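Data first, discussion second: the structure below is written as structure tokens.
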Amino acid sequence: MIAGALKRLRDSKNPAKKIADTKKIADTKKMVTDFANLKEMIIMAGDTDLFSHYQMGDLTLPNRIVMAPMTRNRAGDADVPVSLTATYYVQRASAGMIITEGSQVSPQGVGYVHTPGIYSAAQVAGWKKVTDAVHQAGGRIFIQLWHVGRISHPDLLGGAMPVAPSVLPVEGFTHTPDGKKSIPVPRALNTEEVPDIVKQFRQAAENARNAGFDGVEIHGANGYLLDQFLRSGSNKRSDKYGGSLENRVRLPLEVTKAVIEVWGGNRVGYRISPHNTEHSMSDANPQETFSYFTRELNKTGLGYLHLIEPIGGRMGFVPLEARIGPILRSIFKRTLILNGGYGLHSGNEIIASGEADLIAFGVPFLANPDLPERFRQNAPLNEPDVATFYMGGAKGYTDYPALVHR
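Here the working numbering is used: the first residue of the sequence shown is -2, the next is one more, and so on.
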């Protein structure tokens, strides 16, 4: 609009008209600036921003700042959460909602050393101490249910081979008790074995209730088992769990329905990563795959969809024209969480625009246990110590300083 007016101004031979047009352009520029400033004021001071309350089904969140799930490799013997785990999550209890690190639903689902499980009595008891402490601190906490599928190693599985939809090589490494090792070619699950995966998730969901969680998130992202079944690049099966898109969504949907039977839809979420290529992941048509899958998830009564679609930072960048978030937003009728490189300003913009209901923050929460308060005060953020992300102990885990209130 302004560019066109400038061209007309240059072409005009009438001095009086030039003066009038110059004033119009100045007024238009001012209008654009004023609108941008007004939008910023609305975003920062309006009723709908990161600091506003949100009603997620029957659960009230005090803010829209979610702690994203992050593997930290601090579990104790037999993959049991320890007292340090409780300290870590309590420090971050001011989040609108905490989603824990991925927790394996069975011994078959283990993919890394010292990640917690949710399949044994000892693990349930360990998590109960965590949830009790978080609730006492006023927080809300969901557990992420996880089966890694092919992203594992026999050293972590008692000598058994990792399982997958299909026998395909995988690029990458995993960490075992003996150090970093290449991921071997997995074995394909037999058709008769697949229902047992559903049972593993169902039992884990029941265990999560007994452990005192407020809800569960199904890990269907980042190239792990459910993602492997969903995407065409990793699923080459010829039975009812492979081939067509309708067949590829079958296991993820069966798992979702089983977990919802335990919890009710309001307290169940599902995480997806349509653009992820790590762990040799690909899909012939991500937009078609994830649009169809989201429609089917919507029919189940699922409480929330958690979409990883990075806008920058450590998680990468998805160009605007490649993003499918707006499409999924129009399909999914309940809560949408976005994750991937957001900060205070970008998070507020997304919430104010209605593009999402909640924003999940990963690394910023890792290094800033009081992230909501830092955002509220627009205070500096602690820098994360990358070297301590996946090592044991308190260093880089529970020793990040909280903000001194001003």
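Cβ atoms here follow ideal geometry from the backbone N, Cα and C, with glycine treated the same way.
It should be emphasised that the depicted structure is a prediction, and the values quoted were computed from it without experimental measurement.
Cβ shell of residue i (< 6 Å), same chain only, five flanking positions each side left out
| i | result |
| --- | --- |
| Ser270 | Ala218, Asn219, Ile305 |
| Lys147 | One detail in the question is off: residue 147 reads as Arg in this sequence, not Lys. So the qualifying residues of the chain are Pro159, Ala161, Val167, Pro183. |
| Tyr289 | Leu242 |
| Arg292 | Ile328 |
| Pro174 | Val110 |
| Leu400 | Asp367, Glu370, Arg371, Ala376 |
C-beta atoms of residue i and residue j nearer than 8 Å
| i | j | result |
| --- | --- | --- |
| Arg264 | Ile215 | no |
| Asn232 | Pro162 | yes |
| Leu223 | Pro192 | no |
| Phe358 | Met94 | no |
| Ile356 | Leu47 | yes |
| Gly70 | Tyr109 | Note on identity: in this sequence residue 70 is Asn, with Gly being the wrong assignment. For Asn70 and Tyr109, yes; Cβs fall inside 8 Å. |
| Glu346 | Pro323 | no |
| Leu81 | Arg137 | no |
| Gly212 | Gly262 | no |
| Val102 | Ala201 | yes |
Top-ranked residue by Cα proximity to residue i, from the options
| i | options | result |
| --- | --- | --- |
| Thr68 | Ser49, Leu47, Pro113 | Pro113 |
| Val259 | Thr82, Arg206, Ala119, Leu294 | Arg206 |
| Phe372 | Met53, Ile140, Arg61 | Arg61 |
| Asp367 | Lys125, Asp396, Ala384 | Asp396 |
| Ala92 | Pro381, Ser277, His132 | His132 |
| Arg331 | Gly344, Glu318, Ile96, Leu294 | Leu294 |
| Leu165 | His172, Ala185, Val87 | Ala185 |
| Thr97 | Gly309, Ser350, Leu142 | Leu142 |
| Gly337 | Ser350, Phe362, Ala349 | Phe362 |
| Gly390 | Leu333, His111, Ala75 | His111 |
| Asn187 | Gly156, Val213, Arg199, Lys237 | Lys237 |
| Tyr339 | Phe314, Ala319, Glu318 | Phe314 |
| Lys126 | Ser277, Val87, His144 | Val87 |
Residue i versus residue j - alpha carbon distance
| i | j | result |
| --- | --- | --- |
| Gly135 | Ala281 | 45 Å |
| Gly393 | Phe386 | 7 Å |
| Val195 | Ala255 | 7 Å |
| Gln284 | Ile321 | 6 Å |
| Trp124 | Lys296 | 31 Å |
| Met388 | Ala364 | 15 Å |
| Leu56 | Gly300 | 11 Å |
| Leu325 | Phe287 | 8 Å |
| Arg199 | Gln105 | 15 Å |
| Ala72 | Gln120 | 10 Å |
| Gln197 | Gly99 | 14 Å |
| Glu37 | Asn375 | Confidence at Glu37 is low in this model, with a pLDDT of 46, below 50, so the placement of that residue should be treated as unreliable; the coordinate-derived value is given next. So the alpha carbons of these two residues sit roughly 15 Å apart. |
| Pro66 | Ser279 | 23 Å |
| Ser49 | Ser229 | 40 Å |
| Ile334 | Asp74 | 33 Å |
| Phe210 | Arg247 | 27 Å |
| Glu318 | Gly266 | 26 Å |
Proximal residues to residue i (C-beta, below 7 Å), its chain only, five neighbours per side dropped
| i | result |
| --- | --- |
| Phe170 | Lys177, Lys178, Ser179, Ile180 |
| Arg311 | Val360 |
| Glu203 | Val259 |
| Tyr85 | Tyr394, Thr395 |
| Gly239 | Pro162, Asn232, Lys233, Arg245 |
| Ala157 | Pro151 |
Residue(s) in a DSSP beta bridge with residue i
| i | result |
| --- | --- |
| Leu333 | Leu302 |
| Tyr267 | Ile215, Leu302 |
| Ser100 | Leu142 |
| Tyr51 | Leu58 |
| Leu355 | Ile334 |
| Ile95 | Met64, Ile138 |
Neighbourhood of residue i by C-beta distance below 8 Å, restricted to the same chain and skipping five residues each side
| i | result |
| --- | --- |
| Ala384 | Gly393 |
| Asn379 | Ala364, Asn365, Tyr397, Pro398 |
Cutoff 8 Å: residue i Cβ touching any chain C Cβ
| i | result |
| --- | --- |
| Glu189 | Structure shown: chain C not included; a single protein chain is present. |
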